[in-house]
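Have a look at the structure below, then the notes.
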Ligand SMILES: C[S@@+](CC[C@H](N)C(=O)[O-])C[C@H]1O[C@@H](n2cnc3c(N)ncnc32)[C@H](O)[C@@H]1O
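In my numbering, the protein residues as written are 11 to 279.
Okay, structure coming up:
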């Protein structure tokens with residue numbers, strides 16, 4: 011598969027389902043990212059892979075002038091609506107994390123919550139995050155951790171899916187500090203890492219599954235491919251087992267703490 015075809019399939023995947031409730035579910039990480047990056051009034055902030063705007067709106071609420079970019083504009087209306095509901099504005103544009111449509115050094119803070127990690131070529135993403143950040147500016151990324159509960163559950167599906175093209179580096183590696191260090195090794199940046207988590211709770215395992223497979227475009231696409239391969243039942247059973255193992259509730263509900271790695275980088279002044 012060629013790169014452009016891969017990107018088009020990714021874009022369509024992110025447009026499937028209804029990202030809006032998924033964005034609200036993982037919003038705690040967006041709030042933490044904005045806070046940890048120290049976003050202040052008057053700063054220029056870029057939100058890479060803005061989706062339905064959780065990071066963009068939180069940064070605008072902190073008083074920043076915010077631009078959000080994403081490979082799809084499917085959820086921009088939602089992001090604009092969320093912004094206007096709290097009395098702020100965000101400027102949203104189409105754009106790819108591997109080739110950001112903004113000038114060198116044009117942002118004080120560059121953020122990406124569970125988004126730029128999905129671009130296939132991590133070294134290009136790292137270079138772009140540094141390029142668009144001003145000297146002395148800050149960038150911040152959140153990513154699921156390889157040994158966390160989120161990956162324990164969803165890797166059961168990934169493992170049975172066809173291997174991605176060779177130009178793809180798996181997004182989960184952004185959750186490994188050694189990998190992130192290697193991506194930025196040739197840049198003049200200081201990195202700090204923090205392993206954090208937030209808890210999600212559903213009425214039951216089944217309720218979580220319904221939520222996930224009705225709304226998440228990535229999961230809807232994964233299930234479709236596994237069904238076409240005749241491996242859905244096997245994948246589903248493995249996923250259920252992982253959900254039971256990671257469930258912290260003992261009252262029939264589903265409660266799980268999702269670990270993520272926060273990377274904060276500072277570009278040399
Ligand atoms: C899991 S969502 C996260 C959205 C948002 N940051 C949030 O916290 O809710 C991933 C987002 O990244 C976007 N995305 C995926 N690959 C991208 C790329 N190469 N460049 C820009 N955005 C991308 C998707 O379209 C999607 O909106």
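Here a beta-carbon is modelled for each residue, glycine too, at the ideal position from N, C-alpha and C.
Practice item. Could you tell me if the beta carbon of residue 137 falls within a distance shorter than 7 Å of some heavy atom in ligand 1? Key: Locating residue 137 in the chain shown gives position 127, counting from the first residue. False, no ligand heavy atom lies under 7 Å from that Cβ.
Review point. Using a threshold of 7 Å, is the CB atom of residue 108 nearer than that to any non-hydrogen atom of ligand 1?
Key: The count along the chain shown starts at 1 and reaches residue 108 at position 98. Yes; taking the cut-off as 7 Å, the Cβ of residue 108 has a heavy atom of ligand 1 nearer than that.
Practice item. In the DSSP assignment, find the alpha helix (DSSP H) that holds residue 188 and state where it starts and stops. Key: Along the chain shown, read from residue 1 onward, the residue named residue 188 stands at position 178. Run containing residue 188: 187 to 194, per the alpha helix (DSSP H) assignment.
**Study point:** Reference residue 239; option with closest CA among 156, 32, 170 and 148
**Key:** Translated into the one-based positions of the chain shown, residue 239 becomes position 229. Taking only the C-alpha atoms, the option nearest residue 239 is 170.
Exercise for review: Go through the region 124 to 159 residue by residue and report every complete run of the alpha helix (DSSP H) that reaches 4 residues or more, in order.
Suggested key: 132 to 142
Review point. Under three-state DSSP, which class holds residue 227?
Key: Taking the first residue of the chain shown as position 1, residue 227 is located at position 217. Collapsing the DSSP output to three states places residue 227 in a helix.
Exercise for review: Taking residue 265 as part of the beta strand (DSSP E), name the residues at either end of that continuous run.
Suggested key: Here residue 265 refers to the residue found at position 255 of the chain shown. In the DSSP assignment, residue 265 falls within the beta strand (DSSP E) that extends over 264 to 277.
**Study point:** Reference residue 53; option with closest CA among 189, 61 and 69
**Key:** Here residue 53 is taken as the residue at index 43 of the chain shown, counted from 1. Considering only alpha carbons, the answer is 69.
**Study point:** Straight-line Cα distance separating residue 278 from residue 200
**Key:** The sequence position of residue 200 within the chain shown is 190, counting from 1. The sequence position of residue 278 within the chain shown is 268, counting from 1. Rounded to whole angstroms, residue 200 to residue 278 spans 7 Å at the Cα level.
**Study point:** 8 Å Cβ shell around residue 186 - same chain, five flanking residues per side excluded
**Key:** By 1-based counting over the chain shown, the position of residue 186 is 176. These residues qualify, in order along the chain: 155, 156 and 271.
Exercise for review: Count the CB pairs spanning the region 110 to 120 and the region 85 to 102 that are closer than 8 Å, and state whether there are at least three.
Suggested key: no
Check your understanding: Among the residues of its own chain, which have a CB less than 8 Å from the CB of residue 223, if the five just before and after it don't count?
Key -> Counting from 1 along the chain shown, the entry for residue 223 is found at position 213. These residues qualify, in order along the chain: 229, 230 and 233.
Practice item. Would you check whether ligand 1 has a heavy atom nearer than 7 Å to the C-beta of residue 79? Key: Against the chain shown, residue 79 aligns to sequence position 69. Checking every heavy atom of ligand 1 against the Cβ of residue 79, one is found closer than 7 Å.
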